[in-house]
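Participant: Taken in order, these protein sequences are the chains called G and V.
So in my numbering, spot 84 of the first sequence is number 88, and the numbers just go up one at a time.
So in my numbering, spot 50 of the second sequence is number 1270, and the numbers just go up one at a time.
Just so it is clear, CB atoms sit at the ideal spot from N, CA and C, and this is done for glycine as well.
Remember, it's a predicted structure, so these values are computed and weren't measured experimentally.
Quick one: this structure, given as structure tokens, is what I'll be asking you about.
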Amino acid sequence: LAKTTQPISMDSYEGQEVNITCSHNNIATNDYITWYQQFPSQGPRFIIQGYKTKVTNEVASLFIPADRKSSTLSLPRVSLSDTAVYYCLVGDAYSGNTPLVFGKGTRLSVIA
Amino acid sequence: GAVVSQHPSWVICKSGTSVKIECRSLDFQATTMFWYRQFPKQSLMLMATSNEGSKATYEQGVEKDKFLINHASLTLSTLTVTSAHPEDSSFYICSAADRDNQPQHFGDGTRLSIL
């Protein structure tokens, strides 16, 4: 699985848009990009997944440039409850038989 | 959506005790489930792949006789930490996917504290 690199931590004020960028220079043709969110003492929760260009759902947007060597998770108007660790993962379409390899993640702190 | 449930949420026990953690897929069948361990302020580390009806596959450095995995049905995998010691204290999390090409869903984890 391709290795990912993310900032260790980020701070943001409530109401701001937060963009977390992940580098994955060795991404393979069949790899998808998936982001998970983890609160303290809880399991990771799926946020969004994409292959190229832009994906948007009710929670976030995922921007993937043409070379796919990086991706950006965008959280609109964050609130205190968005304080969590965000993991970027890259892998082969995440079949049910493929374990996930987690990097260190980005610890987002939202400040009032 | 797909739901994965873990039980118990918290376990506190004495050193030398064996502890069983259950992972259930509530609304789907999972031939494969995964077990992860997470120490404070660290990321999730894959421990083993649990395969329904066959032996689990363990990651390097994970003792199979220490961490017994049983996946006897399509909706239940169990992890038993045998003769637990304080260094086994950690957050144990399981995951499963309800079908191919779908993101995996995680349980809410089990906090294990060995005194």
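1. At what residues does the beta strand (DSSP E) containing Tyr40 of chain G begin and finish?
2. Do Ser1315 of chain V and Phe1254 of chain V have their CB atoms nearer than 9 Å?
3. Quick one: what's got a C-beta closer than 7 Å to Ile1334 of chain V's C-beta in the same chain, skipping five residues either side?
4. Quick check on Phe1326 of chain V - is its C-beta less than 9 Å from some C-beta in chain G?
5. Under three-state DSSP, which class holds Leu93 of chain G?
6. Nearest chain G C-beta to Ser1274 of chain V closer than 9 Å, yes or no?
7. So Phe1310 of chain V is in the beta strand (DSSP E); what residue range does that whole segment cover?
8. If you draw a straight line from the alpha carbon of Val105 of chain G to that of Ser1245 of chain V, how long is it in whole angstroms?
9. Does the pairing of the segment 1281-1299 of chain V with the segment 65-82 of chain G give three or more beta-carbon distances under 8 Å?
10. Using 10 angstroms around the beta-carbon of Thr110 of chain G, count the other beta-carbons present and answer buried if the total reaches 16, otherwise exposed.
11. Alpha carbon to alpha carbon, what distance is there between Leu77 of chain G and Phe67 of chain G?
12. Which bits of chain V does Pro11 of chain G rub up against, with CB to CB less than 9 Å?
13. Check whether chain V comes within 9 Å of Lys7 of chain G, counting only Cβ atoms and requiring the distance to be less than that.
14. If we count the other Cβ atoms within 10 Å of its Cβ and call it buried at 16 or more, is Ile24 of chain G buried or exposed?
15. How many whole angstroms separate the CB atoms of Leu84 of chain G and Ala64 of chain G, which I take to be in contact at a CB cut-off of 8 Å?
16. Where does Val1242 of chain V sit, in a helix, a strand or coil, going by DSSP?
17. Grab the span of the beta strand (DSSP E) containing Ala1268 of chain V for me, first residue to last.
18. Considering only residues of the same chain and omitting the five flanking positions on each side of Leu1294 of chain V, which have a CB-CB separation below 8 Å?
19. How about Leu1296 of chain V: is its C-beta nearer than 9 Å to some C-beta of chain G?
20. Let me know the secondary structure DSSP gives Leu84 of chain G once reduced to three states.
Facilitator: Quick look at the numbers:
1. Following the DSSP letters along the chain, one finds Tyr40 of chain G inside the beta strand (DSSP E) bounded by residues 36-42.
2. yes
3. Closer than 7 Å at the Cβ level, and outside the excluded window around Ile1334 of chain V, lie Cys1233, Ser1235, Ala1304, His1305, Pro1306, Asp1308, Ser1309.
4. yes
5. The three-state reading of DSSP puts Leu93 of chain G in strand, counting E and B together.
6. It does not; no Cβ of chain G falls within 9 Å.
7. The amino acid at residue 1310 of chain V is misidentified as Phe; the sequence shows Ser. Per DSSP, Ser1310 of chain V belongs to the beta strand (DSSP E) from 1310-1316.
8. 21 Å
9. no
10. buried
11. 7 Å
12. Within chain V, no residue comes near Pro11 of chain G; the closest Cβ sits about 14 Å away, beyond 9 Å.
13. Judged by the 9 Å Cβ criterion, Lys7 of chain G is not in contact with chain V.
14. Buried is the call here.
15. In fact, because the Cβ distance is near 17 Å, the residues do not count as touching under 8 Å.
16. First, the residue type needs correcting, since residue 1242 of chain V is Glu and not Val in the sequence shown. Reduced to three states, the DSSP call for Glu1242 of chain V is strand.
17. 1265-1271
18. Ser1245, Gln1249, Ala1250, Thr1251, Glu1272
19. Judged by the 9 Å Cβ criterion, Leu1296 of chain V is not in contact with chain G.
20. In the three-state DSSP reduction, Leu84 of chain G falls in the helix class (H, G or I).
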